[in-house]
Structures are given as structure tokens and as C-alpha cells.
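In what follows, a single structure is set out as C-alpha cells and then discussed.
Numbering (the numbering used here), first residue to last: 1 to 69.
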């Protein structure tokens, strides 16, 4: 009896499951979702820039100074 005959049988290969959209509707939904995320990031960045500009303007006119009457 040889050493090779005592080995356990090899495990069968398992099919790999790849996460991918199954049809065009799912594929479109992914792109719409990602587009919505990027749009919300852009809008929030724009609003933050407006807030920063307003705060800079108030700082220039002395709104935050402690010498108020």
C-alpha cells in the first residue's frame, strides 16, 4: 500500500458567488443610488461653503468682536 492511496479525497471546488446586478433594473438602481450620494455630497459641500462665506463676512464687519456697545 502506497502513501498516495492513504490520502483523503480532495474537496470538491465550491462555485464562487460574485456579487453583481442580475438584470438591467438592478444595474440602473446602483447607478442612481451612487448618483444620489454624490449629489447630496455636492449640495452639502455647497451649503457649507455658503456658511463659511457668511461667517467670514460677519467676522470682517466685527460681529464677533467683544467691543460691542
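Glycine included, each C-beta is placed from N, C-alpha and C at the ideal position.
Inter-residue spacing [alpha-carbon to alpha-carbon] between residue 48 and residue 12: Their Cα atoms are separated by approximately 56 angstroms.
Can you tell me the Cα-Cα spacing of residue 46 and residue 14, whole angstroms? Those two C-alpha atoms are separated by around 49 angstroms.
Assuming residue 43 is part of the alpha helix (DSSP H), what are its boundary residues? Bounds of the alpha helix (DSSP H) holding residue 43 are 24-60.
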